[in-house]
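In the numbering used here, the protein residues as written are 2 to 407. Note that CB positions come from ideal geometry on N, CA and C, so glycine has one too.
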């Protein structure tokens with residue numbers, strides 16, 4: 002329930018209580034009296050848990066406990082005692098003004114009367130903070146009503162830098178994001194396409210995941226951010242089904258956003274237009290590309306295109322994640338790549354030809370530190386020993402351990 006700076010003994014006690022209400026109650030009081038200072042507070046309650054008056058009294062007269070609280074995480078699901086949570090949040094709102102990061106997970110399966118009181122308490126917390134810099138909302142089941150929570154962010158328009166919206170439906174409250182002058186990072190995951198249509202913010206980091214889009218929406222966002230956009234993770238719903246949509250996106254990205262340093266695109270055709278985009282991004286440092294080749298493209302033409310791709314990779318590139326892309330031609334890519342990669346992620350090493358190409362690449366590229374293998378468990382022991390024998394400064398590791406996210 003509670004996380005923060007406290008004596009080691011106190012922390013061990015809390016970790017072993019297993020959410021027993023009576024024990025938690027006693028330890029909560031002990032915590033409040035111990036002189037601990039919380040930096041992070043994660044609230045999660047069982048339905049039977051009740052706050053006794055002594056707890057509220059202790060919170061009220063122990064201001065140092067929350068004086069440095071920066072991160073608040075609250076998960077509200079039907080199993081919780083909403084009335085108790087609401088009362089506790091109201092107490093927190095009176096005692097906390099230092100929160101810079103707020104994470105909310107809210108399931109909408111409650112009675113309206115409970116929603117209104119709970120959301121009002123959350124709104125009070127949002128408005129009472131001096132500088133809220135990061136806000137995350139997970140709607141769980143795509144709600145369309147937010148009871149003023151999103152609108153309350155207007156009070157933080159001069160400090161808010163990152164917004165994460167997950168599994169939410171459309172609501173006009175989201176228009177408030179247009180007026181957040183300091184907003185730098187926007188992450189939209191599994192949300193209504195109408196929500197994307199509202200967003201014309203100028204941002205430096207954009208993540209779009211599992212959201213339906215139309216052919217006009219994303220290019221307009223890219224045009225609006227323009228030279229400011231530096232990091233883009235793009236994995237919308239059904240992207241790639243419409244070739245005209247893909248070409249429109251690639252052209253917009255090439256035209257408006259040449260300052261991209263991080264690019265992640267999933268499920269896109271390995272086309273000439275894609276290569277033209279990559280060659281235009283001369284500041285690119287991190288590239289994650291999960292692409293596929295047209296079945297009708299001749300083998301020789303594909304090999305030439307892979308060679309061209311390897312040769313146009315910018316000299317600023319430090320990280321290349323290909324997933325399971327271009328697997329039959331990995332040896333060609335490695336043989337022609339001159340980018341000083343520090344991390345390379347590939348699907349697997351198929352045979353001796355691929356292994357030899359990797360060894361030669363490791364020897365040639367003195368900057369390389371890690372090669373991540375997605376199918377690490379399938380890695381042949383002889384392949385691993387041979388690579389490690391020739392590459393003293395390069396470690397073969399599971400890809401998951403070195404993935405760089407947007």
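Between which two residues does the alpha helix (DSSP H) harbouring residue 181 extend? No alpha helix (DSSP H) holds residue 181; DSSP gives it neither H nor E.
Along the beta strand (DSSP E) that carries residue 398, what are the first and last residues, could you check? 396 to 399
Beta carbon of residue 313, beta carbon of residue 279: below 8 Å? yes
Environment of residue 254 [buried if 16+ CB atoms lie within 10 Å]: Residue 254 comes out buried.
Limits of the alpha helix (DSSP H) - the one that residue 356 falls within: 353 to 365
Could you give the C-beta distance for residue 74 and residue 44, rounded to a whole number, given that I count them as a contact under 8 Å? 7 Å
Proximity winner among 315, 162, 89 and 220, relative to residue 277 (alpha-carbon distances): For residue 277, the closest of 315, 162, 89 and 220 by C-alpha to C-alpha distance is 315.
Cut-off 8 Å between Cβ atoms - residues of its own chain near residue 71, not counting five sequence neighbours on either side: 40, 41, 99, 100, 101 and 102
Report yes or no: do three or more beta-carbon pairs, one from the region 142 to 157 and one from the region 194 to 211, lie closer than 8 Å? Taking 8 Å as the limit for Cβ pairs, the verdict is that the region 194 to 211 does not touch the region 142 to 157.
Residue 177 bridges to which residues according to DSSP? Its beta-bridge partners do not exist; DSSP assigns none.
Measure the beta-carbon distance from residue 409 to residue 124 and round it to whole angstroms, keeping in mind my assumption that it falls under 8 Å. Since the displayed the chain opens at 2 and closes at 407, residue 409 lies outside it and no answer follows.
Starting from the C-beta of residue 396, find all residues in its chain whose C-beta is less than 6 Å away, skip the five residues before and the five after it, and write them out in chain order. 371
Quick one: give me the first and last residue of the alpha helix (DSSP H) that residue 218 is part of. Residues 218 to 226.
Do residue 138 and residue 171 count as a contact pair if the criterion is CB distance below 8 Å? no
Is residue 67 helix, strand or coil by DSSP? Taken through DSSP and simplified to helix, strand or coil, residue 67 comes out as helix.
Who are the Cβ neighbours of residue 354 in its own chain at under 6 Å, not counting the five residues just before and after it? 332
Beta strand (DSSP E) segments (min. 3 residues) lying fully within the region 188 to 217: For the region 188 to 217, whole beta strand (DSSP E) runs of length 3 or above, ordered along the chain, are 206 to 210.
Do residue 164 and residue 210 have their C-beta atoms within less than 8 Å of each other? The criterion of a C-beta distance shorter than 8 Å is not satisfied by residue 164 and residue 210.
Smallest Cα separation from residue 218: which of 229, 193 and 231? 193
Delimiting residues of the beta strand (DSSP E) encompassing residue 167: 163 to 167
Taking one C-beta from the region 339 to 347 and one from the region 321 to 331 each time, how about it: are there three or more such pairs within less than 8 Å? Yes, they touch.
Given a threshold of 16 other Cβ atoms within 10 Å of its Cβ, counted over all protein chains shown, does residue 131 qualify as buried or as exposed? Flag for residue 131 reads exposed.
Run through DSSP, which three-state label would residue 384 get? helix
Quick one: grab the DSSP three-state call for residue 72. The three-state secondary structure of residue 72, taken from DSSP, is strand.
For residue 406 and residue 231, the rounded distance between their alpha carbons: 13 Å
Between which two residues does the beta strand (DSSP E) containing residue 232 stretch? 232 to 236
Are residue 265 and residue 234 close, meaning C-beta to C-beta below 8 Å? yes
Of the residues 166, 129 and 161, the one placed nearest residue 145, counting alpha carbons only: 166
At which residues does the alpha helix (DSSP H) containing residue 257 begin and terminate? 244 to 257 is the span of the alpha helix (DSSP H), which, as asked, contains residue 257.
Which of helix, strand or coil does DSSP assign to residue 22? Residue placement at residue 22 cannot be trusted, given a pLDDT of 48 that sits under 50; what the coordinates show is reported in the next sentence. The answer is helix: DSSP assigns residue 22 an H, G or I state.
Coarse secondary structure for residue 349, derived from DSSP in three states: DSSP places residue 349 in coil when its eight states are reduced to three.
Could you give the first and the last residue of the continuous alpha helix (DSSP H) run that contains residue 332? 331 to 337
Secondary structure of residue 95, DSSP reduced to three states: Of the three classes helix, strand and coil, the one that applies to residue 95 here is helix, per DSSP.
Starting from the C-beta of residue 358, find all residues in its chain whose C-beta is less than 6 Å away, skip the five residues before and the five after it, and write them out in chain order. Here the set comprises 332, 335 and 336.
Helix, strand or coil at residue 156 [DSSP, three-state]: Helix.
Can you grab the Cα-Cα spacing for the pair residue 147 / residue 119, in whole Å? 11 Å
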